[in-house]
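Just so you know, we're using the numbering used here here: the sequence shown kicks off at 3 and counts up by one.
Glycine is no exception: its CB is placed at the ideal position from the N, C-alpha and C atoms.
A quick note: this is a predicted structure, and the numbers were derived from the prediction, not measured.
Here the structure is laid out as structure tokens; the discussion comes afterwards.
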Amino acid sequence: MKQLENKVAIVTGGGSGIGAATARLYAAEGARVIVSDIHEESCRKVVAEITAAGGQAYAVTADVSDAQQCEALIASTIRHYQQLDIAFNNAGIGGESNPVGDMSIEGWNKVIAVNLNSIFYCMKYEIQAMLPKGGNIVNMSSILGQVGFANAAGYVAAKHGVIGLSQTAAIEYAERGIRINAVGPGFIDTPLLSAAGMDNKVKQQIATLHPIGRLGKAEEVAALVLWLSTEKASFVNGAYYAVDGGYLSR
Ligand code: NAD
Numbered sequence: 003m004k005q006l007e008n009k010v011a012i013v014t015g016g017g018s019g020i021g022a023a024t025a026r027l028y029a030a031e032g033a034r035v036i037v038s039d040i041h042e043e044s045c046r047k048v049v050a051e052i053t054a055a056g057g058q059a060y061a062v063t064a065d066v067s068d069a070q071q072c073e074a075l076i077a078s079t080i081r082h083y084q085q086l087d088i089a090f091n092n093a094g095i096g097g098e099s100n101p102v103g104d105m106s107i108e109g110w111n112k113v114i115a116v117n118l119n120s121i122f123y124c125m126k127y128e129i130q131a132m133l134p135k136g137g138n139i140v141n142m143s144s145i146l147g148q149v150g151f152a153n154a155a156g157y158v159a160a161k162h163g164v165i166g167l168s169q170t171a172a173i174e175y176a177e178r179g180i181r182i183n184a185v186g187p188g189f190i191d192t193p194l195l196s197a198a199g200m201d202n203k204v205k206q207q208i209a210t211l212h213p214i215g216r217l218g219k220a221e222e223v224a225a226l227v228l229w230l231s232t233e234k235a236s237f238v239n240g241a242y243y244a245v246d247g248g249y250l251s252r
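Structure below.
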């Protein structure tokens with residue numbers, strides 16, 4: 003028996019990196035997956051891969067920094083699959099790299115909108131769709147939701163915010179059968195790092211910050227997200243789970 007048989011799951015930022023790896027894993031475990039991304043082509047490509055492997059998935063293009071598009075994403079999920087059991091709110095960007103005094107107002111607002119506001123917008127409509135049957139939400143934070151990191155104040159603030167937001171919603175909906183948790187990856191080798199301007203040399207330096215001595219892989223995060231999304235984690239609620247090769251243990 004597959005672990006997510008008869009479940010419907012949404013993955014935001016599902017067109018690349020950690021989101022794509024999780025969408026593939028959810029589908030391999032029997033879920034029908036809504037793969038959502040701001041980039042239409044990338045989510046269609048992941049859907050095609052899942053379908054070719056014998057899974058079920060459907061692409062919905064949405065910019066999760068826009069509340070109306072989040073509402074429409076959840077509405078299309080219900081229209082297409084008639085239910086929603088699991089959501090992995092994962093879409094995110096690295097954002098502007100500057101110290102606080104030089105960070106632009108636009109850069110700050112953008113990273114807060116994509117990495118934090120989106121989690122509130124998605125959860126608001128996901129929770130409405132999951133009630134009264136219950137469900138399960140995993141939100142994407144980061145090791146940078148626990149500690150600071152120079153030149154990334156907006157990103158760090160957003161990822162800290164995701165943890166508090168997840169804990170609060172977890173308390174509010176626990177009795178109504180919705181579990182809500184946050185995950186915190188260390189540096190994972192995905193296109194996000196290259197988009198943040200990290201070449202191989204910088205990646206090697208960053209890798210040394212992890213006691214395990216390397217960057218993480220998207221599939222290693224997906225494995226944790228899958229576990230949190232199953233009944234195996236039935237008593238796990240309002241938690242922050244690191245998947246960081248020991249980064250926060252130093
Ligand atoms: P990625 O760039 O491979 O994937 C991010 C996806 O989000 C992309 O497909 C992108 O198109 C999508 N996206 C960006 N803005 C969007 C928007 N407004 N609406 C909808 N989709 C949007 O990066 P990744 O590393 O897989 O990142 C996934 C999440 O993991 C992010 O929230 C990121 O902050 C977080 N994270 C990444 C790392 C890392 O080192 N890679 C570490 C900790 C946390």
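Kindly indicate the opening and closing residues of the alpha helix (DSSP H) around residue i.
i: GLY21; result: 19-30
i: SER236; result: Note, SER236: premise wrong, no alpha helix (DSSP H); not H, not E.
i: SER196; result: 193-197
Would you kindly report the start and end of the unbroken beta strand (DSSP E) that includes residue i?
i: ALA89; result: 88-91
i: GLN58; result: 58-63
i: ASN141; result: 137-142
i: VAL185; result: 180-187
i: ILE12; result: 10-14
i: ILE36; result: 34-39
Among the options, which residue has its Cα nearest to the Cα of residue i?
i: TYR242; options: ALA184, LYS234, LEU230 and HIS212; result: ALA184
i: MET3; options: TYR249, THR232 and MET105; result: THR232
i: TYR155; options: MET200, ASN111, GLY16 and LYS205; result: The sequence shown places Ala at residue 155, not Tyr. Minimum Cα distance to ALA155 is reached at ASN111.
i: THR255; options: ASP39, ALA160, VAL35 and LEU217; result: Nothing can be reported for residue 255, as the shown portion of the chain is limited to 3 through 252.
i: SER67; options: GLN148, ILE114 and ASN138; result: ILE114
i: MET125; options: ALA197, ALA224, ARG81 and ALA93; result: ALA93
i: LEU194; options: ASN138, ALA25 and TYR157; result: TYR157
i: LEU133; options: ILE88, GLY150, LEU167 and GLN70; result: ILE88
i: GLN84; options: GLU128, ILE20, PRO187 and GLU177; result: GLU128
i: ARG254; options: GLN206, VAL223, GLY137 and ALA74; result: An answer regarding residue 254 cannot be provided, because it is not within the stretch 3 to 252 covered by the chain.
i: GLY150; options: ILE36, VAL140, ASN141 and LYS161; result: LYS161
i: ILE1; options: ILE76, SER143 and LEU86; result: Within the shown structure, residues of the chain are numbered from 3 to 252, placing residue 1 beyond reach of any answer.
i: GLY188; options: LEU226, ASP65, ALA29 and LYS234; result: LEU226
i: ASN8; options: ARG46, ALA59 and GLU51; result: ALA59
State the CB to CB distance for the pair residue i and residue j, rounded to an integer number of angstroms; the pair is presumed to be in contact (CB under 8 Å).
i: SER18; j: SER44; result: 6 Å
i: TYR249; j: ILE145; result: 5 Å
Would you list, in sequence order, the uninterrupted alpha helix (DSSP H) runs of no fewer than 4 residues that lie entirely inside the region 103-171?
With a minimum length of 4 residues, the continuous alpha helix (DSSP H) runs that stay inside the region 103-171 are 107-114 and 120-132.
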